[in-house]
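Just below is one structure, and these are the notes that go with it.
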Amino acid sequence: MWTKLVLLLIGTLSMYQGISEVATEIYISEVMVESNVTLSAKSILDSWNSSTTLTVTDSSQASYGVTIFSRELVAECLVVGEDYNCNCSTGYAWSNEVCYNYGCCTEAPCTQNISLATSICVLKTPVVINGSVQVPRSWAVPTDTENLKTELNKVNGLDGAPVVTITSNTASLSTVDFKMKTYVALNTSKLQDILNTLVTTLPSGPILVTTAGMVNIQVSYSEKVEYESTPSLQCTFEETTDSAGWNLTRGSVRLGLGNGLVTTVTSNCALPDYPSCVNVTLTKVTGVWAGTYECGFTIGTIRHTASSELEVAPLPDVITMTFLPLIADCSDKKPVPVTVSATIPKTTVNYTVTWTPGGTTGLLQQQDATIYSLSTSIDCVAVEDQNNYNVEITFKNELSQKAIKNVDIPILKGPDACVPINSDGEYWPKTPPNTIVKNSTCPVGRIGYRIRNCNSSKQWEGVVSKCVSEELGKVVNAANNFLNGLGATQDMAKNIFEGIKNSSSLTPSDSGGDALADVDASIQIFGVMAKASKNVELNEDILPDFVDAASNMVNSSWGDNEKIVHEMSANYLTNVEDLVKNIQTNNSDGFNSSNLELRVCSSEDCSMSVFGIGVNMNKTNGTMKTMAVKNLMEKLRNEKFRGTNRSSVLLSATLVGNSDSNITIKMFFPNEQPNANQHLCVFWHTEKGDWSKEGCVANVTDDNQTLCECTHLTSFSVLMARSANVSSPDLDIITYVGLGVSVFSLLIFLFVESLVWSAVTKTNLSHFRHTAVVNIAVFRLLADCSFLASAFPDRISDTWCFTFTVCKHLFYLAMFTWMLCLSVMLVHQLIFVFSPVRKRVFMYLSSIVGYLLPIALVGTSYVYYKYTEQEYYDRKTCWLKYDRLLEGSIHAFLLPVGTIVLSNLFSMVVVIVTLVKTSVPDSSKADDKETAKSILKVVVLLTPVFGVTWIIGFVILILDDTDPMHKVANYSFTILNSFQGLFILITGCLAEQKVRQEVVRIVMVKTGRDTNSIKKLTNSSTTLYTKDK
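Position 248 of the sequence shown, counted from 1, bears residue number 274 in the working numbering, the numbering being contiguous throughout.
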């Protein structure tokens, strides 16, 4: 009889290789005793102690000394002849090798010869196994369930029978869940074989199994961690696995973790004994990161898990401050009672809350929020030197950490303010200038706030809404969590883009107010996901929702606040381009929607068409992604090439995985403006926020397409104009200087006319003339002031831009209509000498032509363009819009002006011919004839200037920009037109003898000097006009 003892020895192995290194190893020793005497295992173990020295030899025949410091009996076999009776010691169980090779899988003695097994008994390890599988409703409950249990019973160390639960989900499918426990660490490959067998023998799909108890987890904390601390967790596993990851469970919500701003997930922590490892480090954790962290290692359909609870000492992650009234009115120096509220996500935590300053506090628990309130009073005398009153709230948690939030309440100290108004059911109180009022009231179903600025002119600007829909607000939170690493999975990304698509599909065609807030929030979500895509790979299955959402967003107008539209469109373009570049496109060749088309090319010679734009590019490697967007060009800023017409489509091209040092892309844009003689190939300069043509060349092909060739990739488009010189700093300077001189000159002229009026209007003819010239000067002055006030359109509101456009349109037309009155009166006076026009008739007809006709023309044109849904004015220039020949509201100005200028020129010809060929014998009409001559000289000086100036303007539209005369005409038009006020002063005052005499007389009277000598002096001087008698 012999007894075989299996002993577990723990010893210290010392290796001497120049420098002593110490390593701890576990050795399994077999002891065979051949004797007829049964020896006690304990006596054998006791014979081995720390003084016993053993020698072990490794595979390379190197020997090492072992010092025993612990020993334990693991298994014992009694062998009598050919009969075996083996048992595992308490706390140990048969290994998977013994179970699956020798059939010993329970705690009963093993009667097989297991002496050749490498591992006989292993330490008991409790493992919990949960499985789930989708099965058809044809699943035979008794038979198939028993077959399932039979296969599962083959698992080693089963602790009780498997528990199977069947749940009906749909009319055709049911879910079979099972749970079982073992006291031995599983053999993953054997368990997978069992599951594969079940899939082939039973009517079921893949069986998904999770285990708990086989993975080691280590954490850097032992208790509740501080707010914004940096804890870490690490899991290791003894087998090589397919993948590994982390999940966070909070209540019933389970979210996957990926790399983000808060989370760093790594798997480079593997060790020889633990080839699988995954670590997560959390940076500045907040309350949202508290919960159960679960790591998982996946092999086939089996996932081995371990979990640990993380508690974070809470502080409010979000504190929203509101106050009433919105403005503290201290204009009367009396105390102002105010109520301030601090809203945090609903919580049961008992924070220590402190308000500064103090007052009456309150606490209100709502369904999804906890609200702290303070009622206090502002001492207006004490804050006399302040523009705002600061209120602060402090939250302190159990670890004495603090979260502080404050708010500034604007103070109104005087009468200068924007008047209080009610707009769309919202009240905007009396507000001091340069103050933004924030109203936290949103319609039902929306969250956020609205703001409105009281500008320095004490005028309310437009309301800017940040009230987004509640559903879109949830998407915003999900995207921010994704960026931080919480829920950073492909499924969550798909849900986010689906949410944006659903929200954008509800946006009306005219996106004003709250609808614009939804578009802006969606653009911001794109930006968040673009940042997140640098850490988390986004697969192409999100592209359909992404393309549809991006297309829906540009389908609306985005309102009329140009500053906001420019900012939103630039962000949209940047974010969409980043997402297109980062989203993987392994199998797709593109997607398209109504306003956005995406094409993908992986070949070396890429030739494609997007929204009718042909794109060609040769490359050696990589993937080319080409995107075309409609309805975006008119939203982007175009300051550098003002006055150009834009193509309807913007094209963006990117290369992924390309190593070419030099690239050239060719784009063929359809000709959308046949009469344009200048085509600019431009790209969007992200840093400058405007268009640039660097690195691009534009040519016109034989089939009248615009060929753009560029040596870089970005967003491209074509700008078209009648002239390349759409803006010139020199011309701008001439214009502003000339208008300034004109305004000053016209003011002098009107002042002089007011002084000499009674003296120079004694006859009807002179009265007619001076009345017309004064009206011309007044309207020219008003038009010039309106022009200067709107010289920088980006600095004024939409309302003021529209107002100045109407004013310029009206005042310039009125100036020309009074010029028409002057020329017609002159012709009539010279031709019908014996039928003079009565003053009453002249004033009546002149009032109709000079006042009512311009008003009618402006009003009719505005109503027409409003009714036909065309743009009346250009927001970028604050002037009438020019599209192409005979298209655009500018023709409501050019056609009347052209008609009047031609009429004035015709009148001049008639007058000159009449004066040359006709003599008037009646001396009683001599004074009127002299007056007519004076009028003729005025018309000769004024009408040609006006006529030639605007005729030159028409010529500019006709001339080709390559013509040398184009630049001459441009400068001539600018100089003659901008200095028009100076010409009126010269011809109306300085060049008219009667006006000069009266001015000198007035000066002499005021100074007490003799006027006779001055009169002689003025009479002897050469003048352009004869005096009226």
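Each residue gets a CB set at the ideal place from its N, CA and C atoms; glycine is no exception. Everything numeric in this text was worked out from a predicted model, so none of it was measured.
The alpha helix (DSSP H) enclosing residue i, as first and last residue numbers
{"i": "residue 24", "result": "Missing from the structure shown is residue 24; the chain here goes from 27 to 1055 and no further."}
{"i": "residue 499", "result": "496-510"}
{"i": "residue 517", "result": "516-530"}
{"i": "residue 705", "result": "Element bounds for residue 705: not the alpha helix (DSSP H) but the beta strand (DSSP E), 704-711."}
{"i": "residue 347", "result": "Taken as a continuous stretch (DSSP letters only), residue 347 belongs to no alpha helix (DSSP H), being part of the beta strand (DSSP E) at 346-350."}
{"i": "residue 1006", "result": "1006-1011"}
{"i": "residue 888", "result": "879-893"}
{"i": "residue 755", "result": "755-786"}
{"i": "residue 555", "result": "540-558"}
{"i": "residue 215", "result": "214-227"}
{"i": "residue 587", "result": "From DSSP, residue 587 is part of no alpha helix (DSSP H); its letter is neither H nor E."}
{"i": "residue 418", "result": "It is not in any alpha helix (DSSP H) - residue 418 instead sits in the beta strand (DSSP E) that spans 414-422."}
{"i": "residue 1028", "result": "1019-1033"}
{"i": "residue 175", "result": "167-178"}
{"i": "residue 431", "result": "That residue, residue 431, is in no alpha helix (DSSP H); its beta strand (DSSP E) goes 428-438."}
{"i": "residue 573", "result": "569-579"}
For residue i, the residue or residues it bridges with in DSSP
{"i": "residue 594", "result": "Bridge partners of residue 594: none, in fact."}
{"i": "residue 1070", "result": "Given that the chain is displayed from residue 27 to residue 1055, the structure contains no residue 1070 and the question cannot be resolved."}
{"i": "residue 302", "result": "263"}
{"i": "residue 322", "result": "271 and 331"}
{"i": "residue 486", "result": "480"}
{"i": "residue 627", "result": "650"}
{"i": "residue 454", "result": "447"}
{"i": "residue 399", "result": "367 and 388"}
{"i": "residue 160", "result": "201"}
Integer Cβ distance of residue i from residue j, believed to fall under 8 Å
{"i": "residue 741", "j": "residue 676", "result": "6 Å"}
{"i": "residue 282", "j": "residue 514", "result": "7 Å"}
{"i": "residue 286", "j": "residue 511", "result": "3 Å"}
{"i": "residue 218", "j": "residue 326", "result": "5 Å"}
{"i": "residue 542", "j": "residue 466", "result": "Wrong, their Cβ atoms sit about 18 Å apart, outside the cutoff."}
{"i": "residue 771", "j": "residue 1011", "result": "4 Å"}
{"i": "residue 707", "j": "residue 679", "result": "Wrong, their Cβ atoms sit about 13 Å apart, outside the cutoff."}
{"i": "residue 365", "j": "residue 350", "result": "5 Å"}
Range covered by the beta strand (DSSP E) that runs through residue i
{"i": "residue 794", "result": "Not the beta strand (DSSP E): residue 794 falls in the alpha helix (DSSP H), residues 790-815."}
{"i": "residue 205", "result": "199-208"}
{"i": "residue 717", "result": "716-718"}
{"i": "residue 89", "result": "89-106"}
{"i": "residue 654", "result": "649-656"}
{"i": "residue 663", "result": "Note, residue 663: premise wrong, no beta strand (DSSP E); not H, not E."}
{"i": "residue 119", "result": "118-120"}
{"i": "residue 644", "result": "639-644"}
Of the listed residues the options, nearest to residue i (C-alpha basis)
{"i": "residue 352", "options": "434, 290 and 308", "result": "434"}
{"i": "residue 1013", "options": "310, 577, 734 and 800", "result": "800"}
{"i": "residue 898", "options": "79, 170 and 829", "result": "829"}
{"i": "residue 821", "options": "839, 903 and 832", "result": "903"}
{"i": "residue 1029", "options": "275, 301 and 781", "result": "781"}
{"i": "residue 508", "options": "692, 919, 289 and 302", "result": "289"}
{"i": "residue 504", "options": "551, 716, 470 and 579", "result": "551"}
{"i": "residue 1067", "options": "99, 263 and 360", "result": "Examination of residue 1067 is not possible in this model, given that the chain is present from 27 through 1055 alone."}
{"i": "residue 111", "options": "669, 135 and 117", "result": "135"}
{"i": "residue 682", "options": "127, 667 and 606", "result": "606"}
{"i": "residue 308", "options": "423, 855 and 336", "result": "336"}
{"i": "residue 409", "options": "423, 429 and 437", "result": "437"}
{"i": "residue 1060", "options": "584, 593, 580 and 527", "result": "Any property of residue 1060 remains undetermined from this structure, which presents the chain solely from 27 to 1055."}
{"i": "residue 74", "options": "84, 98 and 89", "result": "98"}
**Study point:** the region 548-561 touching the region 595-602, judged by at least three CB pairs closer than 8 Å
**Key:** yes
Check your understanding: Would you call the region 400-408 and the region 221-241 touching, i.e. three or more CB-CB distances under 8 Å?
Key -> no
**Study point:** Segment contact, 8 Å Cβ cut-off, at least three pairs: the region 673-692 with the region 646-664
**Key:** yes
Review point. Are the region 610-617 and the region 564-574 in contact at 8 Å, needing three or more beta carbon pairs?
Key: yes
**Study point:** At least 3 beta-carbon pairs within less than 8 Å: the region 413-421 vs the region 365-383
**Key:** yes
Exercise for review: Determine contact between the region 880-888 and the region 774-794, defined as no fewer than three beta-carbon pairs at a distance below 8 Å.
Suggested key: no
Exercise for review: Determine contact between the region 388-401 and the region 439-459, defined as no fewer than three beta-carbon pairs at a distance below 8 Å.
Suggested key: no
**Study point:** At least three beta-carbon pairs within less than 8 Å, the region 202-214 to the region 175-193
**Key:** yes
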